[in-house]
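Trainee: Protein chains in written order, with this note's numbering: chain D, 13 to 194; chain Z, 829 to 1030.
(1) Can you find the residues in the same chain that come closer than 8 Å, C-beta to C-beta, to residue 52 of chain D, ignoring five residues on each side of it along the sequence?
(2) Could you tell me how far apart the beta carbons of residue 147 of chain D and residue 97 of chain D are, in whole angstroms, since I believe they sit closer than 8 Å?
(3) If we cut at 8 Å on Cβ distances, does residue 84 of chain D have a partner in chain Z?
(4) Going by DSSP, what residue range makes up the alpha helix (DSSP H) through residue 58 of chain D?
(5) On the CB-based measure, 16 or more other CB atoms within 10 Å of its CB, does residue 951 of chain Z come out buried or exposed?
(6) With DSSP run on the structure shown, which of helix, strand or coil describes residue 983 of chain Z?
(7) Taking Cβ-Cβ distances shorter than 7 Å, what residues in chain Z pair up with residue 122 of chain D?
(8) Counting only beta-carbon separations shorter than 8 Å, does residue 164 of chain D have a partner in chain Z?
(9) Which one or two residues does DSSP pair with residue 877 of chain Z in a beta bridge?
(10) Can you say whether residue 2 of chain D is buried or exposed, counting buried as having 16 or more other CB atoms within 10 angstroms of its CB?
(11) CA-CA distance, residue 76 of chain D and residue 1000 of chain Z?
(12) Any beta-carbon of chain Z closer than 8 Å to the one on residue 156 of chain D?
(13) Give, in chain order, every residue of the region 893-904 of chain Z whose Cβ lies closer than 7 Å to some Cβ of chain D.
(14) How would you call residue 117 of chain D, buried or exposed, if buried means at least 16 neighbouring beta carbons within 10 angstroms?
(15) Helix, strand or coil: which one does DSSP assign to residue 150 of chain D?
(16) Along the region 24-42 of chain D, what residues have a CB closer than 8 Å to any CB found in chain Z?
(17) To which residues of the same chain is residue 1031 of chain Z closer than 8 Å at the C-beta, ignoring the five residues directly before and after it?
(18) At a Cβ threshold of 8 Å, is residue 78 of chain D touching chain Z?
(19) Residues of chain Z with CB under 7 Å from residue 189 of chain D, in chain order?
(20) What do you reckon, are the CB atoms on residue 839 of chain Z and residue 995 of chain Z nearer than 8 Å?
(21) Give the DSSP bridge partners of residue 852 of chain Z, in chain order.
(22) Are three or more beta carbon pairs between the region 954-970 of chain Z and the region 82-90 of chain D nearer than 8 Å?
(23) Under 8 Å between the Cβ atoms of residue 54 of chain D and residue 1005 of chain Z?
(24) Which first and last residues belong to the beta strand (DSSP E) in which residue 837 of chain Z is found?
(25) Which word fits residue 167 of chain D, buried or exposed, when buried means at least 16 other C-beta atoms lie within 10 angstroms of its C-beta?
(26) Can you list the residues of chain D that residue 1021 of chain Z reaches, using a CB-CB cut of under 7 Å?
(27) Measuring CB atoms only, is the region 896-906 of chain Z touching the region 1011-1020 of chain Z, in the sense that at least three cross pairs come out at less than 8 Å?
(28) Checking contacts by CB at 8 Å: is residue 195 of chain D closer than that to chain Z?
(29) Should residue 880 of chain Z be labelled buried (16 or more other beta-carbon atoms within 10 Å of its own) or exposed?
(30) If you draw a straight line from the C-alpha of residue 856 of chain Z to the C-alpha of residue 985 of chain Z, how long is it?
(31) Under 8 Å between the Cβ atoms of residue 953 of chain Z and residue 873 of chain Z?
(32) Under 8 Å between C-beta atoms, does residue 69 of chain D make it to chain Z?
(33) Assign residue 98 of chain D to one of three DSSP states: helix, strand, or coil.
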């Protein structure tokens, strides 16, 4: 196994490529998401995205935020060689909704909001706290499990010949078509 | 932002190594040995250790209180005292003036000034209450994973160090490469291809 800090820095592009692929998949290939995570009823881009271009000497970064933010600027940046570094996601299963931010380099989750749970009464019994913890763990597992299933699917594609032969042309075509559509 | 907060941040780890049997006793021993020590009223600047969920200032690791269902749930607490530089300067100047008046001299040596500064800082540190930071965690012993409820680098590094000292187990942080290598169910052939990957140009 590689030294962990070397592996983190040398292969952080895998996380950025994953988020970029996920954006494409959400927009243009929802069937893959249904196949990988059948229980999801919806997966959408949230209200924040950070796009970084490391292909030039000076790293360039664009942050798009806001509920009505257009992602056209992000698509233009992709065409110039940028990748998604951070992405807000909204996932739904039935009536339940999760929102969180996923950082490409670490795949850490932040700003994670789960479906609402019963508030814990101040000074509540130990059993009440235990029940609340178990309920939250169950809800966190849903979000983490979804990210894990999608990343596992992506990485299997990424180490296969299919990546260069089929997926990269699809991604390039998506970026190009999106630009034309403006 | 902890387990029961309305908003959470989670860093994921894989737990590497075999815990010494009986596991729950070994863990309880580690938790008790490295329980947070209070430093209020002492001349210690910082302290770090384990504490209990929901009782961060009265840790209790007896009778498996930290066991919830199949999970071990407890917290890392990091206490730190900080004194603003301007306050240190004010007290050092006053102490230096007092020393000059007492010794009827016009100047203090470099060593004397250093001693005064150290004594002032020690005195102030004893008087300042520690500011606690508390980070929750959930450990699934059977499936060997742990979630730490912060993405802060310093807290994650502190967790990795204290966890290793307490339980003689290593935490391997899960990020794109380690997930691929350890947790994505790749075949050995697929894992062998990982180091050869280079960035894709779109």
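We treat Cβ as the ideally placed atom computed from N, Cα and C, and that holds for glycine.
Predicted model, so just to flag it, every value in this text is computed and none were measured.
Mentor: Taking the coordinates as given:
(1) Translated into the one-based positions of the first chain, residue 52 of chain D becomes position 40. Cβ within range, chain order: 45, 46, 103, 104, 105, 158.
(2) As a position in the first chain, residue 147 of chain D is number 135, starting the count at 1. As a position in the first chain, residue 97 of chain D is number 85, starting the count at 1. Actually they do not touch by this definition, with Cβ atoms about 32 Å apart.
(3) For the purposes of this step, residue 84 of chain D is taken as the residue at position 72 of the first chain. Not closer than 8 Å to any Cβ of chain Z, the Cβ of residue 84 of chain D fails to qualify, so no.
(4) Locating residue 58 of chain D in the first chain gives position 46, counting from the first residue. Looking at the DSSP string, residue 58 of chain D is not in any alpha helix (DSSP H); the run it does join, the beta strand (DSSP E), is 54-65.
(5) The residue labelled residue 951 of chain Z in the question sits at position 123 within the second chain. So residue 951 of chain Z counts as exposed.
(6) Taking the first residue of the second chain as 1, we reach residue 983 of chain Z at position 155. If DSSP states are grouped into helix, strand and coil, residue 983 of chain Z belongs with the helices.
(7) For the purposes of this step, residue 122 of chain D is identified with residue 110 of the first chain, where counting begins at 1. Per Cβ cutoff of 7 Å: 837, 979.
(8) Against the first chain, residue 164 of chain D aligns to sequence position 152. Answer yes: the Cβ-Cβ gap between residue 164 of chain D and chain Z drops below 8 Å somewhere.
(9) As a first step, residue 877 of chain Z must be located in the second chain, where it is residue number 49. In the DSSP output, where bridge partners are listed per residue, residue 877 of chain Z has Z:905.
(10) Given that chain D is displayed from residue 13 to residue 194, the structure contains no residue 2 of chain D and the question cannot be resolved.
(11) By 1-based counting over the first chain, the position of residue 76 of chain D is 64. By 1-based counting over the second chain, the position of residue 1000 of chain Z is 172. Between residue 76 of chain D and residue 1000 of chain Z, the C-alpha separation is close to 32 Å.
(12) On the first chain, residue 156 of chain D is found 144 positions in, with the first residue counted as 1. Chain Z, which has a Cβ nearer than 8 Å to the Cβ of residue 156 of chain D, makes this yes.
(13) 896, 897, 899, 901
(14) The count along the first chain starts at 1 and reaches residue 117 of chain D at position 105. Answer is buried; the Cβ neighbour count reaches 16.
(15) Taking the first residue of the first chain as 1, we reach residue 150 of chain D at position 138. Helix at residue 150 of chain D.
(16) 24, 25, 26, 27, 29, 30, 32
(17) Residue 1031 of chain Z lies beyond the range of chain Z shown here (829 to 1030); nothing can be said about it.
(18) Reading the first chain from its first residue, position 66 is the one you call residue 78 of chain D. False, the Cβ-Cβ gap to chain Z never drops below 8 Å.
(19) Position 177 of the first chain, counted from the first residue, corresponds to residue 189 of chain D. The premise fails here: residue 189 of chain D is roughly 13 Å from chain Z at the closest Cβ pair, so nothing lies under 7 Å.
(20) Here residue 839 of chain Z corresponds to residue number 11 of the second chain, with the count starting at 1. Here residue 995 of chain Z corresponds to residue number 167 of the second chain, with the count starting at 1. Against a cut-off of 8 Å, the Cβ pair of residue 995 of chain Z and residue 839 of chain Z comes out as no contact.
(21) Residue mapping note: residue 852 of chain Z aligns to position 24 of the second chain, counting from 1. BP columns for residue 852 of chain Z are empty, so no partner.
(22) no
(23) For this step, residue 54 of chain D is matched to residue 42 along the first chain. For this step, residue 1005 of chain Z is matched to residue 177 along the second chain. Their beta carbons are not under 8 Å apart, which means residue 54 of chain D does not touch residue 1005 of chain Z by this criterion.
(24) The residue you call residue 837 of chain Z lines up with position 9 of the second chain. 836-844 is the extent of the beta strand (DSSP E) around residue 837 of chain Z.
(25) Along the first chain, one-based indexing puts residue 167 of chain D at 155. Buried: at least 16 other Cβ atoms inside 10 Å.
(26) For the purposes of this step, residue 1021 of chain Z is taken as the residue at position 193 of the second chain. Result: 171.
(27) no
(28) With chain D covering only 13 through 194, there is no way to say anything about residue 195 of chain D.
(29) Residue mapping note: residue 880 of chain Z aligns to position 52 of the second chain, counting from 1. Label assigned to residue 880 of chain Z: buried.
(30) Taking the first residue of the second chain as 1, we reach residue 856 of chain Z at position 28. Taking the first residue of the second chain as 1, we reach residue 985 of chain Z at position 157. So the two alpha carbons sit approximately 22 Å from each other.
(31) By 1-based counting over the second chain, the position of residue 953 of chain Z is 125. By 1-based counting over the second chain, the position of residue 873 of chain Z is 45. Contact flag set, yes.
(32) Sequence index remark: in the first chain, residue 69 of chain D carries index 57 (1-based). False, the Cβ-Cβ gap to chain Z never drops below 8 Å.
(33) In the first chain, residue 98 of chain D corresponds to position 86, counting from 1. In the structure shown, residue 98 of chain D falls within a strand segment according to DSSP collapsed to helix, strand and coil.
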